[in-house]
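Number of protein chains: 2
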Amino acid sequence: MSADLELAPAGMAQRPTVVIIGAGFAGLAAARGLRHAAVEVIVLDRVNHHTFQPLLYQVATAGLSAPQIAAPIRHILRSQKNARVLLGAAVSIDAVNQKVILVDAEIGFDYLIVATGLTHWYFGNDDWAQHAPGLKTLDDALEIRRRILFAFERAERVADVQERAAWLTFAVIGGGPTGVELAGTLAEIARHTLTDEFRTIDPSHARVLLLEGGARVLNTYPKSLSLKAEQQLQRLGVEVELNARVTAVDAAGVSIEMNDRTLGTCEISAKSKRIEARTVLWAAGVQATPLARTLPGALDKIGRVLVAPTLQIEGFDSIFVVGDLVSIKQDGMAVPGVAYAAKQMGAYAARAIAQRVGEKGSRASTFAPFRYRDRGALATIGRKAAVAVLPGDLRLSGLPAWWTWLFVHIFFLIGFRNRITTLVDWLWAYLTYQRHARLILADRTELRESQRTP
Amino acid sequence: MSADLELAPAGMAQRPTVVIIGAGFAGLAAARGLRHAAVEVIVLDRVNHHTFQPLLYQVATAGLSAPQIAAPIRHILRSQKNARVLLGAAVSIDAVNQKVILVDAEIGFDYLIVATGLTHWYFGNDDWAQHAPGLKTLDDALEIRRRILFAFERAERVADVQERAAWLTFAVIGGGPTGVELAGTLAEIARHTLTDEFRTIDPSHARVLLLEGGARVLNTYPKSLSLKAEQQLQRLGVEVELNARVTAVDAAGVSIEMNDRTLGTCEISAKSKRIEARTVLWAAGVQATPLARTLPGALDKIGRVLVAPTLQIEGFDSIFVVGDLVSIKQDGMAVPGVAYAAKQMGAYAARAIAQRVGEKGSRASTFAPFRYRDRGALATIGRKAAVAVLPGDLRLSGLPAWWTWLFVHIFFLIGFRNRITTLVDWLWAYLTYQRHARLILADRTELRESQRTP
């Protein structure tokens with residue numbers, strides 16, 4: 121272990137060290153699960169905050185401010201005396217020598233819990249990333265917010281009609297929960313929030329397109345709810361294009377290939393189409409964070425780790441992988457990449473390690489495999505529009521699903537203060553259609569340049 | 121006028137155009153003052169939001185989120201039908217041809233109100249800027265926040281004792297209101313907010329230095345209040361260094377020259393001193409925004425425009441300059457650079473133009489010179505500590521001044537919603553010492569690089 125990360129109280133040096141990489145839902149649940157265990161916990165993350173990912177789209181669409189959906193990791197864990205939080209990015213794992221390698225240091229571990237989750241995947245077209253940002257982090261959300269707001273500002277200033285229309289066209293690629301949320305909220309902003317604020321353009325003439333490669337949106341949901349979601353999107357003003365495969369993304373727009381599928385037959389005729397859109401958002405592909413490639417063992421086709429039923433890596437039973445980074449099946453079905461599953465996995469790994477440590481030395485002891493308990497699924501579409509599958513296969517859509525969604529999400533927000541101000545903002549937005557966080561924050565380089573002018 | 125900025129409704133083309141550059145307190149007051157005038161108002165700003173500058177230091181020190189102290193300019197002016205808002209940076213003024221020049225367009229004017237305010241001035245040492253950011257915009261505030269929080273994170277990871285001490289040393293240069301606010305709040309964070317969150321460092325051992333070149337802090341206030349402010353700072357744990365002239369700022373710290381001034385005599389002996397501080401904040405020098413240099417007429421030594429008593433530029437009576445960009449004396453005293461003065465100047469220019477336009481053509485008509493009505497001055501130092509001079513020369517310090525400051529500032533915050541959530545946050549912070557916005561948001565380039573790793 122490098123001197124850079126020397127661990128403090130000497131008296132505790134005998135306790136085994138558990139390193140947790142990533143403080144999302146899975147990593148935090150693991151850390152909390154170890155609070156009474158006789159271990160030293162080190163939580164390592166690239167950023168200083170835990171992000172409440174289900175509300176990221178609200179930051180991206182200016183409905184909430186960044187601090188409302190995020191809290192410093194060390195603040196969350198402040199009273200857990202056996203946990204220490206370090207800011208830093210893990211570069212690789214040395215599984216044999218039980219070390220996490222950072223750019224400028226190494227951390228030895230007795231147990232490791234890897235919970236770094238997923239990142240964007242552009243189907244091998246990495247150059248699309250600059251034109252179509254994805255939504256995984258707070259920085260992503262602020263970048264998307266900047267682009268959306270800037271597009272309306274440009275449209276107001278541009279005299280050319282075609283150019284103006286392109287600035288007022290928003291293409292969201294991918295009809296999963298994130299794509300649906302972004303498209304629905306964008307339509308709401310254009311129709312309601314920006315009313316009366318522009319003099320040249322009419323924001324309600326903005327086009328919002330949702331481009332989905334498959335035959336329906338929200339394809340992990342029951343078919344009936346997919347259809348309901350599609351109808352609710354259309355009611356909000358979103359143009360939903362199904363069977364639309366993206367073939368190119370550039371600074372000016374998106375090219376797609378439409379599969380004109382006649383159901384019941386096998387005829388598929390493809391036609392290409394070009395969409396001039398200055399704002400393109402990516403909600404289509406995801407892949408494992410690259411750290412997974414430095415672990416021993418097999419990966420699935422998007423790079424997730426194929427773990428044993430105990431979430432351990434075959435042959436390395438001191439290493440657990442939890443959360444979205446895991447590829448695991450249960451009763452023939454993939455465990456879904458949702459917050460509940462991540463929390464359950466984190467808590468499971470913590471229990472397993474606590475049990476091992478408690479049994480002192482008998483490292484070969486076994487424990488029951490991880491079981492995912494399904495808590496249902498919720499996806500919001502926009503104001504008063506959502507779909508939900510609750511335990512017992514109760515299906516909701518429209519307003520009841522929206523209220524369920526709202527209260528579940530605000531209830532699980534970390535921090536009491538956040539809940540109050542978030543509720544105030546939500547209520548305010550609901551009554552007035554206003555979104556309070558409509559700030560274009562320049563990135564630093566641009567700002568410096570403009571300060572130099574002239 | 122370029123086609124790029126063609127003005128919309130043809131029926132109104134006969135009305136004179138008033139261009140306002142900058143939507144700070146002065147610019148917004150001018151725009152609002154023209155709401156009933158038979159003119160077309162164009163408000164041009166480099167950013168899309170009005171910033172409530174007196175609370176910027178709270179964003180910099182993670183007490184408030186950016187959207188709580190800022191609102192989109194076009195939202196503020198949405199119901200003023202004769203106003204349109206454009207996002208863009210003015211490069212220069214063509215006073216003779218009555219045009220504002222942008223990078224990509226030109227805007228013709230019949231009347232012009234310049235309200236671009238001040239920016240940082242590093243006494244000619246522009247290379248200090250990268251090491252010691254100043255606090256004028258929301259982007260500045262977010263950069264300062266990032267540096268402060270990152271310093272504590274680094275200190276927690278560094279093993280070398282001297283290096284750790286340098287990360288835990290914060291030097292604020294300049295003992296005016298901004299410097300006093302930053303230093304006081306930094307001390308509060310170190311002593312109270314971060315308690316229990318670190319395992320290696322004790323944040324309350326952090327040193328906060330306030331370096332002031334003159335003989336007292338808050339030198340525009342009565343001497344008795346300067347002394348009170350100094351005492352309150354010291355009580356909060358700030359080391360106040362007076363007569364400390366900065367001679368160098370670099371990545372590792374600050375060099376100063378201390379004038380060991382024995383009052384009453386003329387002996388001054390200087391000695392130099394080096395302060396190792398990884399976080400240095402600039403609150404010392406300001407200068408006029410560069411647009412002032414493209415205006416006709418004389419400037420003062422920090423580049424502010426020397427205007428006639430009617431705030432017009434001598435010889436160009438269609439051009440008004442208002443707010444902090446103006447250098448003007450009243451009864452032998454400089455009109456101070458405070459929000460009240462800026463608002464009064466903006467409103468004055470609007471009245472003057474409305475009067476001219478009302479009198480149709482008699483452009484030579486005169487009006488009474490601008491008179492600044494003093495509303496007092498308030499500076500906050502930290503929790504329960506502030507100083508105030510109210511009209512009638514009522515002087516307050518400590519808790520009464522702090523409450524006055526708090527309510528005056530929240531009352532003037534734009535937007536009812538902002539007032540509610542800001543009060544909730546303030547109350548929360550007051551009761552728990554917590555600051556909810558402690559997020560380190562990477563700048564985009566860093567983020568992309570770290571995503572590429574490995």
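Protein chains in written order, with the working numbering: chain W, 121 to 574; chain V, 121 to 574.
From the three backbone atoms N, C-alpha and C, an ideal C-beta is built for every residue, glycine too.
Residue i: contacting residues in chain V (beta-carbon distance under 8 Å)
i        : result
His529/W : Within chain V, no residue comes near His529/W; the closest Cβ sits about 18 Å away, beyond 8 Å.
His169/W : Arg558, Leu559 and Ile560
Leu262/W : Leu561
Glu434/W : Simply none; closest approach about 23 Å.
Burial state of residue i, where buried means 16 or more other Cβ atoms lie within 10 Å
i        : result
Asn281/W : For clarity, residue 281/W is Val in the given sequence; the question names Asn instead. Exposed is the call here.
Ile140/W : buried
Ser447/V : buried
Val138/W : buried
Ala390/V : exposed
Leu514/V : exposed
Leu255/V : buried
Pro574/W : Because Pro574/W carries a pLDDT of 30, less than 50, the predicted location of this residue cannot be relied on, and the following value inherits that uncertainty. With fewer than 16 Cβ atoms within 10 Å of its Cβ, Pro574/W is classed as exposed.
Lys463/W : buried
Leu559/W : buried
Asn538/V : buried
Gln509/W : Reading off the sequence shown, one finds Val at residue 509/W, where the question assumed Gln. It counts as buried.
Asp246/W : exposed
Asp260/W : buried
Tyr89/W  : Outside the displayed range of chain W (121 to 574) lies residue 89/W, so it cannot be described from this structure.
Leu547/V : exposed
Per-residue contacts from residue i into chain W (C-beta, under 7 Å)
i        : result
Pro187/V : Ser185, His556, Ala557 and Leu559
Leu269/V : Asn168
Glu86/V  : The first residue shown for chain V is 121 and the last is 574, placing residue 86/V beyond what the model contains.
Arg273/V : The identity of residue 273/V in the sequence shown is Glu, whereas the question assumes Arg. Result: Asn168 and Leu207.
8 Å contact criterion, which residue i and residue j should meet: CB distance rounded
i        : j        : result
Leu238/W : Ala408/W : 6 Å
Phe440/W : Ile233/W : 5 Å
Phe318/V : Leu306/V : Phe318/V to Leu306/V, Cβ: 16 Å. No contact.
Leu331/V : Ala505/V : With a Cβ gap of about 19 Å, Leu331/V and Ala505/V do not count as contacting.
Val507/W : Leu516/W : 7 Å
Arg413/V : Gly423/V : 7 Å
Ala158/W : Ala470/W : Wrong, their Cβ atoms sit about 13 Å apart, outside the cutoff.
Val292/V : Ala303/V : 4 Å
His529/W : Leu175/W : 6 Å
Glu359/V : Leu329/V : 5 Å
Phe145/W : Gly443/W : 7 Å
Glu377/V : Thr320/V : At roughly 35 Å, the Cβ-Cβ gap does not stay under 8 Å, so Glu377/V and Thr320/V are not in contact.
Chain V contact residues for residue i, given Cβ-Cβ distances below 9 Å
i        : result
Val138/W : Those within 9 Å of Val138/W in chain V number zero; the least Cβ separation is about 15 Å.
Glu74/W  : With chain W running from 121 to 574 in the structure shown, residue 74/W is simply not present.
Val544/W : Arg537, Ile540, Thr541 and Val544
Residue i beta carbon near the ligand MG (any heavy atom closer than 6 Å)
i        : result
Glu273/V : Ligands displayed in this structure: none; no statement on the ligand MG is therefore possible.
Contact set between residue i and chain V, taken where Cβ atoms lie within less than 7 Å
i        : result
Thr236/W : Within chain V, no residue comes near Thr236/W; the closest Cβ sits about 11 Å away, beyond 7 Å.
Ala190/W : Leu559
Where residue i meets chain W, residues with beta-carbon distance less than 9 Å
i        : result
Ser199/V : Asp316
Leu164/V : Those within 9 Å of Leu164/V in chain W number zero; the least Cβ separation is about 10 Å.
**Prompt:** Residue ranges of each beta strand (DSSP E) run of no fewer than 3 residues wholly in the region 426-510 of chain V, ordered along the chain?
**Reply:** 436-441, 497-502 and 505-510
**Request:** Flag this pair as touching only if the region 395-414 of chain W and the region 299-314 of chain W have three or more C-beta atom pairs under 8 Å; answer yes or no.
**Result:** yes
**Asked** Which ranges does the beta strand (DSSP E) cover as unbroken runs of at least 3 residues, wholly within the region 199-286 of chain W, from first to last along the chain?
**Response** 203-207, 210-214, 219-222, 226-228, 231-234 and 238-240
**Any 3 or more C-beta pairs closer than 8 Å across the region 450-466 of chain V and the region 271-287 of chain V** = no
**At least 3 beta-carbon pairs within less than 8 Å: the region 199-210 of chain W vs the region 162-181 of chain W** = yes
**Request:** Counting only runs of 3+ residues fully inside the region 156-202 of chain W, write out the beta strand (DSSP E) ranges in chain order.
**Result:** 160-165, 169-171 and 190-192
**Message:** Suppose only complete runs of 3+ residues qualify. What are the beta strand (DSSP E) ranges in the region 300-353 of chain V, listed by chain order?
**Reply:** 327-331
**Segment contact flag, the region 175-186 of chain V with the region 179-187 of chain W, C-beta cutoff 8 Å, min 3 pairs** = yes
**Prompt:** Using 8 Å as the Cβ pair cut-off and three pairs as the minimum, do the region 362-380 of chain V and the region 210-227 of chain V touch?
**Reply:** no
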